[in-house]
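Engineer:
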Amino acid sequence: MMVIRPICQNDLKSLYRLAEKTGVGFTSLVADETILQKKIDGAVRSFSKENVTKPTNEDYLMVLEDSTTGEIVGTCGILAAVGLDEPFYSYHLGTITHASRELGVHNAVPTLILNNDFTGCSEICTLFLEEDFRHSKNGQLLSKARFMFMAQFPERFTEKVFAEMRGVSDENGVSPLWESLGRHFFSIDFKEADELTAQGNKQFIAELMPNNPVYVNLLPKAARDVLGNVHTNTVPARRLLEQEGFRYENYVDIFDGGPSLEARVQDIRAVRDSRLCLANIGQPKGVGEGSHYLVSNAKVTDFRCILIQRSVPPGSALTLTQEEADALCITTKEPVRIVELSPYSRH
Amino acid sequence: MMVIRPICQNDLKSLYRLAEKTGVGFTSLVADETILQKKIDGAVRSFSKENVTKPTNEDYLMVLEDSTTGEIVGTCGILAAVGLDEPFYSYHLGTITHASRELGVHNAVPTLILNNDFTGCSEICTLFLEEDFRHSKNGQLLSKARFMFMAQFPERFTEKVFAEMRGVSDENGVSPLWESLGRHFFSIDFKEADELTAQGNKQFIAELMPNNPVYVNLLPKAARDVLGNVHTNTVPARRLLEQEGFRYENYVDIFDGGPSLEARVQDIRAVRDSRLCLANIGQPKGVGEGSHYLVSNAKVTDFRCILIQRSVPPGSALTLTQEEADALCITTKEPVRIVELSPYSRH
Amino acid sequence: MYLVRPVDFADLPALERLAQQAGIGITNFPANRERLNDKIASSRRSLQTDVVQPGDESYLFVLVDTSNEQIVGCCGIDAMVGADAPFYSYRIDEVVHASPQLQIHNRIPALYLCHDYSGTSRLIALVVDKAHQNPLAMSLLSKARLLFIARYPERFTKRLFAELRGESDKHGYSSFWDALGKHFFSMDFQKADYLSAVSNKHFIADLMPRYPIYVPTLPEAAQDVIGVIHEDSSQSADILLEEGFEFRGYVDIFDAGPTIEARTESLHTITQQKTGKALSLTEKSKGAMHLISAGHLEHFRVTAAPAEPQVAGLAVEKETQEQLAISAGHRIQWVEL
Amino acid sequence: MYLVRPVDFADLPALERLAQQAGIGITNFPANRERLNDKIASSRRSLQTDVVQPGDESYLFVLVDTSNEQIVGCCGIDAMVGADAPFYSYRIDEVVHASPQLQIHNRIPALYLCHDYSGTSRLIALVVDKAHQNPLAMSLLSKARLLFIARYPERFTKRLFAELRGESDKHGYSSFWDALGKHFFSMDFQKADYLSAVSNKHFIADLMPRYPIYVPTLPEAAQDVIGVIHEDSSQSADILLEEGFEFRGYVDIFDAGPTIEARTESLHTITQQKTGKALSLTEKSKGAMHLISAGHLEHFRVTAAPAEPQVAGLAVEKETQEQLAISAGHRIQWVEL
């Protein structure tokens with residue numbers, strides 16, 4: 016069975032192995048033991064905090080484990096609040112209107128405005144699943160388990176949560192936006208800039224990036240075309256978030272123009288529709304048929320989330336198999352949270 | 016019975032009477048026959064357009080009529096797209112972070128950035144109900160009838176719709192934000208500036224307002240405190256929109272700092288939950304008891320919307336009384352749209 | 345011989361012909377009969393007004409080929425631009441962005457819309473018929489204005505500037521306009537250029553970008569022409585640069601042609617010009633070529649002729665005296681060319 | 345008598361005492377022993393270096409009361425600020441916003457963070473013991489620097505500036521800081537002032553506002569002190585203003601004290617100073633008070649004494665010669681005070 020659980024100190028090697036597979040551009044997971052160990056330390060500390068009343072610098076990194084083999088095959092994370100240590104930058108795609116009634120000219124000019132508007136906001140991030148395991152709805156489990164955690168512990172996150180999506184670049188990693196904008200100000204390569212940012216070093220952005228709005232209509236078409244668009248490989252991830260209620264609100268990455276998607280936690284479909292019920296352990300009907308459901312427990316340190324399938328919609332009490340209950344680290348009559356895996360799963 | 020319908024040429028006198036009652040600061044309805052006649056002409060033209068495939072400059076102004084007396088007691092409107100003739104200005108409340116790792120200082124500074132981001136966006140506006148009729152859920156009918164129209168004709172509006180809410184000012188009409196910001200640049204009174212804007216004359220904003228972001232932390236506390244807050248009288252209207260799914264997304268009025276609330280049309284509760292069904296005319300059960308429902312017809316020029324009450328939730332066919340059907344301008348088997356008046360109306 | 349004198353209404357057809365020849369890019373000299381007539385009227389009114397300090401006066405002078413009394417050139421001075429509507433330019437300022445840690449130190453030029461030349465006197469529209477574009481005629485026409493300024497300093501500001509035509513091809517295509525202005529004006533260069541000459545300039549404030557434009561983000565073709573003088577204007581530019589005009593980082597908002605400026609008192613013609621009596625020469629002069637002017641305001645005349653400076657004044661030929669409508673003993677102003 | 349000479353390591357205790365007296369608001373003269381020692385070292389190194397063009401040299405001079413050999417004042421010159429970290433100021437620029445229709449024409453002053461003085465020589469830290477703040481001592485100390493610059497022009501830039509201390513009360517409270525800087529630095533004025541003196545100035549770029557500040561939006565108390573000189577500095581300010589320094593709209597980013605600047609070549613002391621031979625006077629001089637300097641670099645000395653200009657040089661008293669460690673025939677530099 017595939018189980019989502021908080022990362023633990025024993026996972027360093029597995030995490031390193033995953034990091035090696037992410038490839039260029041996946042800056043939140045770099046194959047560097049020191050950095051990864053720090054990440055694990057942070058996550059362990061975050062999950063063990065008991066009485067969190069408001070988000071600060073917690074980093075909830077989780078892993079997807081194949082419980083039969085003990086193998087770690089994916090990760091996902093939530094940062095409770097970005098930008099509190101190092102500034103968090105984005106471009107806001109705004110509009111400035113220039114009009115002359117006299118000449119009958121009316122131009123609505125799009126502009127890129129540098130900002131730190133996401134400062135203090137929760138971010139879902141670090142989503143990676145091994146290629147061999149991209150089947151059986153593992154991707155959805157990995158991504159949406161985070162919403163179950165947020166639904167259970169909303170006080171640990173901000174009202175609004177966002178996700179940064181990878182922007183457009185070609186097979187050589189060349190980003191059209193970077194080439195016509197960032198390059199002129201940074202005098203370094205996209206890759207280098209991206210890596211510096213990944214290491215949490217953003218000082219240089221304040222130092223080198225121009226403060227004034229950039230007129231989008233003056234950028235070459237290739238650059239304009241990528242604003243707010245995702246890399247081909249990221250299209251499914253974007254669709255998944257949009258189905259959950261995430262929206263593009265005109266914030267883009269300052270380097271590659273990739274969109275940030277945002278939602279109010281309470282408006283996320285999986286949060287809104289999920290409900291708590293008490294678990295029974297026994298022989299449920301219609302296991303392995305019908306709709307998929309996400310089920311999680313209600314614990315922080317021992318948080319678990321799994322996927323179950325039932326032909327009969329579960330009611331106010333949910334019957335789980337012993338294996339499912341074990342995977343969720345619960346015994347009978349303990350509360351669990353359940354939601355349909357996807358908005359259209361009632362087939 | 017209280018009925019919402021499009022305004023018509025005969026309504027000039029009634030509209031003038033309403034305009035007289037709105038008082039200072041209600042700039043979208045001024046007691047000036049020429050201006051009001053122009054508004055009516057625009058609305059009549061908009062409602063009579065048959066094949067609208069995308070929003071342009073339509074102005075859907077509706078009135079609330081007491082069908083027993085023929086009296087007009089309220090208005091509400093939707094602009095299909097603002098800012099296409101004259102620029103539409105707002106302030107975006109953004110964040111700029113200044114951090115020095117060396118000194119351990121980290122400041123997230125709020126800024127006001129002048130923009131025209133709502134250009135081309137649909138706006139709900141011009142909501143006014145006579146004081147004597149502020150009972151029997153007339154206010155909700157007036158406000159939400161617009162969502163029924165939008166639900167039926169989404170192609171006539173943009174994906175996102177917004178509403179400007181009146182900001183904070185004291186009993187003498189003094190706005191703390193204006194006093195510490197606008198006044199320095201406009202050299203005229205708040206009232207005068209507000210009136211110019213109401214007359215669609217916004218040239219002077221481009222001419223006189225500074226382009227650069229304004230640091231909110233440098234404004235006096237009284238001014239900072241009103242950003243994004245509404246006038247006491249507007250609190251109920253704000254709550255009503257928020258219950259329908261409208262959200263404050265950090266856009267405020269450039270003069271008084273009142274918030275703009277926005278929503279995707281498809282996410283508005285009354286739009287999302289409303290459904291089409293066929294009308295039967297007869298003796299429905301439980302009339303005048305139980306929950307309130309908004310019911311509208313599916314017509315443009317002859318759009319109507321009323322409030323009904325039923326103790327039994329209507330199913331896929333809705334039985335209406337002859338009086339209700341007449342008020343809706345429909346006969347049996349014609350399609351009608353229905354939704355619960357409020358998210359919590361299933362008592 | 346050539347003579348420079350204030351324009352008269354009778355010169356309108358000739359001016360129209362010159363304006364058509366001049367073509368695009370000389371925004372302050374549009375081929376529009378009404379506007380030209382206005383300009384003539386304004387010049388005459390200005391000369392007839394008793395001026396204490398510079399205001400909205402403008403002065404227009406014509407170059408006459410005295411052999412046939414044909415008008416072959418034209419130039420002018422605005423006493424002060426920006427009196428009614430602001431006068432816009434781009435100022436090129438460098439923004440410094442440095443990261444000590446990355447050892448990067450970037451100086452990024454950016455164009456800032458400004459009206460720093462509002463309130464300043466401007467030399468305008470030097471236009472000379474192709475057949476007469478020789479150094480003598482060009483210098484005479486250009487410098488005649490400076491003699492006028494030297495004679496009536498109270499009518500002008502202490503700073504003086506001139507806009508030089510920017511790079512554009514013979515079809516009026518400007519790569520700078522194409523990369524920048526076009527996006528904000530939604531019209532072609534010719535039209536914007538024309539409108540800026542004939543209408544009030546308010547539409548510039550309405551339509552131009554309000555934030556600085558970072559030069560490196562513009563296409564190279566546009567970057568290349570910033571501050572570059574159109575080759576047709578290089579001759580008149582040289583005359584002014586030799587006079588002491590300097591480029592201070594301001595360019596035209598449409599075609600990025602350079603604006604050059606000077607303190608009036610430091611210009612060569614103005615520091616070197618002398619005032620004194622006209623003396624008579626009985627024979628052909630062997631002296632150097634001089635610019636010589638005479639006459640008050642409406643009767644102001646300038647010609648270029650050989651002449652001989654003497655202690656008592658400047659000795660000029662009979663013909664020169666006739667051109668200037670003076671005789672020996674009259675007060676004249678001169679400078680060696 | 346007073347004497348000005350380059351600082352030496354032995355002067356450290358005296359400098360420390362002066363710095364403590366000077367107090368807050370003189371950011372380039374902090375009461376920090378290590379930093380003062382660094383400054384002395386830097387000055388000595390600079391004087392020993394063969395300089396072709398200005399770089400990061402700095403020169404520190406002390407004022408000696410020769411009656412008891414006490415150090416009673418101190419001043420300096422930075423050859424060029426902004427060499428390693430940019431030098432920040434606020435430039436006050438007017439933004440014009442006009443609406444012809446409403447007949448409104450607003451000129452709104454705004455503060456722009458800039459480093460326009462980066463790359464320029466700076467006069468720093470004139471500090472004089474209270475008991476010696478008389479016109480003679482103050483002028484001698486201030487102008488001694490200008491004689492040094494006149495003697496070694498290759499060591500300095502063509503432009504020279506000085507920052508004048510802005511308005512703050514005796515507790516170091518600055519209403520300008522309170523209205524502006526405090527919000528961005530999250531610390532009090534004293535601390536920011538001190539940090540700016542002892543640390544690299546990178547934190548300024550990190551923390552200061554990146555967008556212009558519109559002056560009318562500041563509290564009136566803050567507006568009132570922009571460009572106003574602290575009364576303790578008015579005497580030293582007057583000396584520089586009389587020399588030809590001018591305010592060009594730049595103020596300090598912390599206390600809004602004015603920055604004044606001049607072209608070196610046009611300063612009174614520099615244009616008027618003469619070089620020639622020292623001549624001997626056998627009796628007390630009846631001549632005017634002069635600044636007189638002698639000695640090369642490390643041995644540079646300036647004093648103020650009565651002296652008599654003659655064709656062959658400047659006649660000075662025996663005592664003055666002793667002070668300057670010269671005798672008749674030595675090369676000296678002088679200017680009438």
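Sequences listed follow chains A, B, C and D, in order. Last residue of the first sequence: 362 (our numbering), numbering continuous. Last residue of the second sequence: 362 (our numbering), numbering continuous. Last residue of the third sequence: 681 (our numbering), numbering continuous. Last residue of the fourth sequence: 681 (our numbering), numbering continuous. Backbone N, C-alpha and C fix where the C-beta goes; we use that ideal spot for every residue, glycine too.
Whose C-beta lies closer than 7 Å to the C-beta of cysteine 23/A among residues of the same chain, with five residues either side of it excluded?
Structural biologist: For the purposes of this step, residue 23/A is identified with residue 8 of the first sequence, where counting begins at 1. Same-chain partners within the cutoff: Val59.
Engineer: Could you work out which residue in Ser29/A, Leu127/A, Cys140/A and Gly135/A is closest to alanine 252/A when comparing CA atoms only?
Structural biologist: The count along the first sequence starts at 1 and reaches residue 252/A at position 237. Minimum Cα distance to alanine 252/A is reached at Cys140/A.
Engineer: For isoleucine 530/C and chain A, any beta-carbon pair shorter than 8 Å?
Structural biologist: By one-based count along the third sequence, residue 530/C stands at place 186. Isoleucine is not the amino acid found at residue 530/C; the sequence shown has serine there. Taking Cβ atoms only, chain A reaches closer than 8 Å to serine 530/C, which makes this a yes.
Engineer: The alpha helix (DSSP H) spanning tyrosine 31/A covers which residue range?
Structural biologist: Here residue 31/A corresponds to residue number 16 of the first sequence, with the count starting at 1. It spans 27-37 - the alpha helix (DSSP H) in which tyrosine 31/A sits, taken as one unbroken run.
Engineer: May I have the straight-line CA-CA distance separating alanine 494/D from arginine 388/D, to the nearest angstrom?
Structural biologist: Indexing the fourth sequence from 1 puts residue 494/D at position 150. Indexing the fourth sequence from 1 puts residue 388/D at position 44. The straight-line gap from Cα to Cα measures roughly 19 Å.
Engineer: By alpha-carbon positions, which one of Ala34/A, Pro191/A and Ser326/A ends up nearest to valine 45/A?
Structural biologist: What you label residue 45/A is simply residue 30 of the first sequence in a count that begins at 1. Among Ala34/A, Pro191/A and Ser326/A, the Cα nearest to that of valine 45/A belongs to Ala34/A.
Engineer: So, helix, strand or coil for leucine 309/A, using DSSP?
Structural biologist: If you number the first sequence from 1, residue 309/A lands on position 294. In this structure, leucine 309/A counts as strand in the three-state DSSP scheme.
Engineer: CB-CB under 7 Å to glycine 593/C, same chain, minus the five flanking residues each way: which ones, in chain order?
Structural biologist: For this step, residue 593/C is matched to residue 249 along the third sequence. The residues are Arg435 and Ile436.
Engineer: Check the Cβ of valine 439/C against every Cβ in chain A and list those closer than 8 Å, keeping chain order.
Structural biologist: As a first step, residue 439/C must be located in the third sequence, where it is residue number 95. Simply Pro225.
Engineer: For chain D, check one thing: does any of its Cβ atoms lie closer than 8 Å to the Cβ of alanine 96/A?
Structural biologist: Within the first sequence, residue 96/A is the residue found at index 81, counting from 1. Chain D, which has no Cβ nearer than 8 Å to the Cβ of alanine 96/A, makes this no.
Engineer: To test your reading of the DSSP string, which unbroken alpha helix (DSSP H) runs of 4 or more residues are found completely within the region 444-516 of chain C?
Structural biologist: Qualifying alpha helix (DSSP H) stretches, in chain order: 479-495.
Engineer: Please classify glutamine 364/C: does DSSP put it in a helix, a strand, or coil?
Structural biologist: For this step, residue 364/C is matched to residue 20 along the third sequence. Residue state, collapsed to three classes: helix.
Engineer: Between glycine 89/A and leucine 27/A, what straight-line distance do the alpha-carbon atoms span, to the nearest angstrom?
Structural biologist: If you number the first sequence from 1, residue 89/A lands on position 74. If you number the first sequence from 1, residue 27/A lands on position 12. Using only the alpha carbons, I get a separation of about 13 Å.
Engineer: Show which residues of chain E have a CB atom less than 7 Å away from the CB atom of asparagine 412/C.
Structural biologist: Absent here is chain E; the protein component of the structure consists of chains A, B, C and D.
Engineer: For chain B, is any of its Cβ atoms less than 8 Å away from the one on glutamate 10/A?
Structural biologist: Absent from the model: residue 10/A. The displayed extent of chain A is 16 to 362, so no value can be given.
Engineer: Under 8 Å between the Cβ atoms of valine 416/D and histidine 459/D?
Structural biologist: Mapped onto the fourth sequence, residue 416/D falls at position 72. Mapped onto the fourth sequence, residue 459/D falls at position 115. Cβ distance not < 8 Å, so valine 416/D and histidine 459/D don't count as in contact.
Engineer: Nearest chain A C-beta to leucine 455/C closer than 8 Å, yes or no?
Structural biologist: Here residue 455/C refers to the residue found at position 111 of the third sequence. It does not; no Cβ of chain A falls within 8 Å.
Engineer: Look up alanine 166/B in the DSSP assignment and give the residues it is bridged to.
Structural biologist: Counting from one through the second sequence, the residue named residue 166/B turns up at place 151. Note: alanine 166/B sits in no beta bridge, so no partner.
Engineer: Roughly how far, in whole angstroms, is the beta-carbon of glutamate 590/C from the beta-carbon of alanine 565/C, given that I think they are within contact range, below 8 Å?
Structural biologist: As a working mapping, residue 590/C is identified with position 246 in the third sequence. As a working mapping, residue 565/C is identified with position 221 in the third sequence. Contact flag wrong, Cβ pair sits at about 27 Å.
Engineer: If you reduce the DSSP assignment to three classes, tell me which class threonine 613/C lands in.
Structural biologist: Within the third sequence, numbered from 1, the residue matching residue 613/C stands at position 269. Helix at threonine 613/C.
Engineer: Just the Cα atoms here: how many angstroms apart are aspartate 352/D and glutamine 654/D?
Structural biologist: As a working note, residue 352/D is residue 8 in the fourth sequence. As a working note, residue 654/D is residue 310 in the fourth sequence. Cα to Cα, aspartate 352/D sits roughly 35 Å from glutamine 654/D.
Engineer: From what residue to what residue does the alpha helix (DSSP H) around glutamate 48/A run?
Structural biologist: Residue 48/A sits at position 33 when you count from the first residue of the first sequence. Note, glutamate 48/A: alpha helix (DSSP H), 48-63.
Engineer: Can you say whether glutamine 364/C is buried or exposed, counting buried as having 16 or more other CB atoms within 10 angstroms of its CB?
Structural biologist: In the third sequence, the residue the question calls residue 364/C occupies position 20. It is exposed - the Cβ of glutamine 364/C has fewer than 16 other Cβ atoms within 10 Å.
Engineer: Ignoring anything shorter than 4 residues or poking outside the region 218-252 of chain B, list the alpha helix (DSSP H) runs there in chain order.
Structural biologist: Those alpha helix (DSSP H) runs which fall completely within the region 218-252 of chain B and span 4+ residues are 218-223 and 236-241.
Engineer: As an exercise, report each continuous alpha helix (DSSP H) stretch of at least 4 residues that is fully enclosed by the region 595-650 of chain C, in chain order.
Structural biologist: For the region 595-650 of chain C, whole alpha helix (DSSP H) runs of length 4 or above, ordered along the chain, are 612-616.
Engineer: In the DSSP assignment, find the beta strand (DSSP E) that holds lysine 175/A and state where it starts and stops.
Structural biologist: As a working note, residue 175/A is residue 160 in the first sequence. Per DSSP, lysine 175/A belongs to the beta strand (DSSP E) from 175-179.
Engineer: Under 8 Å between the Cβ atoms of leucine 362/C and cysteine 419/C?
Structural biologist: Locating residue 362/C in the third sequence gives position 18, where the first residue counts as 1. Locating residue 419/C in the third sequence gives position 75, where the first residue counts as 1. Result no, Cβ atoms of leucine 362/C and cysteine 419/C do not sit closer than 8 Å.
Engineer: Excluding five sequence neighbours on each side, which residues of the same chain lie with their C-beta closer than 7 Å to the C-beta of arginine 361/A?
Structural biologist: Reading the first sequence from its first residue, position 346 is the one you call residue 361/A. Model confidence at arginine 361/A stands at a pLDDT of 44, short of 50, so the residue's coordinates are unreliable and nothing is read from them.
Engineer: Please report the residue range of the beta strand (DSSP E) in which alanine 375/C lies.
Structural biologist: Counted from its first residue, the third sequence places residue 375/C at position 31. No beta strand (DSSP E) contains alanine 375/C, which DSSP labels as neither H nor E.
Engineer: Excluding the 5 residues preceding and the 5 following valine 559/C in the sequence, name in chain order all residues of the same chain whose CB lies nearer than 8 Å to its CB.
Structural biologist: As a working note, residue 559/C is residue 215 in the third sequence. Once the five neighbours on either side are set aside, the close Cβ partners of valine 559/C are Ile436, Ile452, Pro453, Ala454, Leu455, Gln567 and Ile570.
Engineer: So which of Val183/B, Lys348/B, Asp209/B and Cys136/B has the shortest CA-CA distance to phenylalanine 177/B?
Structural biologist: Mapped onto the second sequence, residue 177/B falls at position 162. The shortest Cα separation from phenylalanine 177/B among Val183/B, Lys348/B, Asp209/B and Cys136/B belongs to Cys136/B.
Engineer: Determine the direct distance from the alpha carbon of valine 471/C to that of leucine 234/B, and round the result to whole angstroms.
Structural biologist: Translated into positions along the second sequence, residue 234/B becomes position 219. Translated into positions along the third sequence, residue 471/C becomes position 127. Leucine 234/B and valine 471/C: Cα-Cα distance of roughly 54 Å.
Engineer: Secondary structure at phenylalanine 201/B, three-state DSSP: helix, strand or coil?
Structural biologist: Here the question's residue 201/B lines up with position 186 in the second sequence. Reduced to three states, the DSSP call for phenylalanine 201/B is helix.
Engineer: To be precise: take each residue of the region 512-536 of chain D, compare its Cβ to all Cβ atoms of chain B, and keep it if any distance is under 8 Å. Which residues remain?
Structural biologist: Listed in sequence order: Ala523, Leu524, His527, Phe528, Phe529, Ser530 and Met531.
Engineer: How would you call alanine 632/C, buried or exposed, if buried means at least 16 neighbouring beta carbons within 10 angstroms?
Structural biologist: Residue numbering aside, residue 632/C sits at position 288 when the third sequence is read from its first letter. Exposed, since its Cβ has fewer than 16 Cβ neighbours within 10 Å.
Engineer: Please report the straight-line C-alpha distance between glutamate 413/D and glutamine 667/D, rounded to a whole angstrom.
Structural biologist: The residue you call residue 413/D lines up with position 69 of the fourth sequence. The residue you call residue 667/D lines up with position 323 of the fourth sequence. So the alpha carbons of these two residues sit roughly 11 Å apart.
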